[in-house]
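Residue numbers (the working numbering): 5 to 242.
Beta carbons: idealized from backbone N, C-alpha and C, even for Gly.
Computed from a predicted structure; not experimentally measured.
Below is one structure, written out as structure tokens; comments come after it.
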Amino acid sequence: MQAFMIRLVCAGMFAVLSLVFCSPSMAQDVYEIKMSYNGPPDAEENAVHLFAENFKRFISTRTNDRVRITLYPNSQLGNEEQRMEQTMSGPMINIASYAGVAPVFPEMYAANIPFMFSSYRAAHHFFDNSEFWSQAKEAFQAETGAYLLEAVEEGGFLAFTNSKKPIQTPSDFKGLKFRAMDESQVALYKAFGASGTPIPWTEVYMALKTGVADGQMNPPMYIIIGSLYEVQKYMTTA
5 MQAFMIRLVC AGMFAVLSLV FCSPSMAQDV YEIKMSYNGP PDAEENAVHL FAENFKRFIS
65 TRTNDRVRIT LYPNSQLGNE EQRMEQTMSG PMINIASYAG VAPVFPEMYA ANIPFMFSSY
125 RAAHHFFDNS EFWSQAKEAF QAETGAYLLE AVEEGGFLAF TNSKKPIQTP SDFKGLKFRA
185 MDESQVALYK AFGASGTPIP WTEVYMALKT GVADGQMNPP MYIIIGSLYE VQKYMTTA
């Protein structure tokens with residue numbers, strides 16, 4: 005069983021569209037919307053950027069260019085929580101990880117458990133057609149006033165990497181120090197018998213290189229983007 009890595013359009017990592025988008029006067033015929041996300045503006049390396057480009061093109065075509073989306077990759081508009089706050093208050097789309105969505109909708113963490121899915125097909129069904137996902141969209145709108153539009157795949161299943169030993173059974177986690185994305189991952193690693201320390205993405209490489217952390221958890225795409233393979237020896241898909 006494995007965990008599928010998505011962003012939520014927040015997600016994954018989801019895309020969230022603020023209802024404030026409807027506020028311009030009726031006389032205004034062109035709407036300008038910002039779209040923010042992590043990672044470089046490189047469609048070959050960053051699946052999220054590829055999605056953003058396609059989404060922008062689709063919206064432009066379907067609205068006869070009346071809705072114009074400006075892309076802001078590389079976290080130009082702030083970190084996960086800052087971007088989510090902006091989304092709640094203005095015309096903006098945010099492609100966020102679970103860490104970005106959780107402060108406003110913690111229930112979403114139920115879909116972010118390692119070793120949860122047995123196949124790509126099972127993961128795609130869960131995020132496209134499951135009752136949980138349908139209810140999550142409704143609850144998110146009711147609790148935040150914004151829309152949870154879509155889940156975007158960003159590199160397949162999660163992977164644990166570390167520099168100490170192969171992880172083949174649950175007991176192999178014991179004693180390892182992991183970089184955590186947020187407090188939920190700290191709790192996750194503790195449950196596995198390991199320890200977790202919140203470390204920003206921009207500091208992960210050096211934390212692994214210097215031994216502040218033995219390992220981390222991300223999809224292969226981010227392991228490549230961050231060159232983490234240079235300072236990690238073992239990988240286990242989750």
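**Message:** For residue 242 and residue 43, I'd like the C-alpha separation in whole angstroms.
**Reply:** 22 Å
**Residues that DSSP places opposite residue 130 in a beta bridge** = The partner list for residue 130 (beta bridge, DSSP) is empty, contrary to what the question assumes.
**Prompt:** For residue 112, which residues does DSSP report across the bridge?
**Reply:** In DSSP, residue 112 forms no bridge with anything.
**Item:** Contact check, residue 114 vs residue 239, beta carbons under 8 Å
**Value:** no
**Inter-residue Cα distance where the pair is residue 46 and residue 157** = 16 Å
**Request:** Sort 116, 136, 160 and 111 by Cα distance to residue 123 and report the nearest one.
**Result:** 160
**Prompt:** Looking at the structure shown, is residue 162 part of a helix, part of a strand, or coil, going by DSSP?
**Reply:** coil
**Cα-Cα separation, residue 203 to residue 33** = 44 Å
**Prompt:** DSSP three-state call for residue 119: helix, strand or coil?
**Reply:** coil
**Request:** Could you say which of 80, 181, 127 and 145 lies nearest to residue 214 if we only look at CA atoms?
**Result:** 181
**Asked** How far does the beta strand (DSSP E) with residue 230 in it reach, from first residue to last?
**Response** Here residue 230 belongs to no beta strand (DSSP E), and DSSP marks it neither H nor E.
**Request:** Pick helix, strand or coil for residue 61, following the three-state DSSP scheme.
**Result:** helix
**Asked** Mapping DSSP to helix, strand and coil, what is residue 188?
**Response** helix
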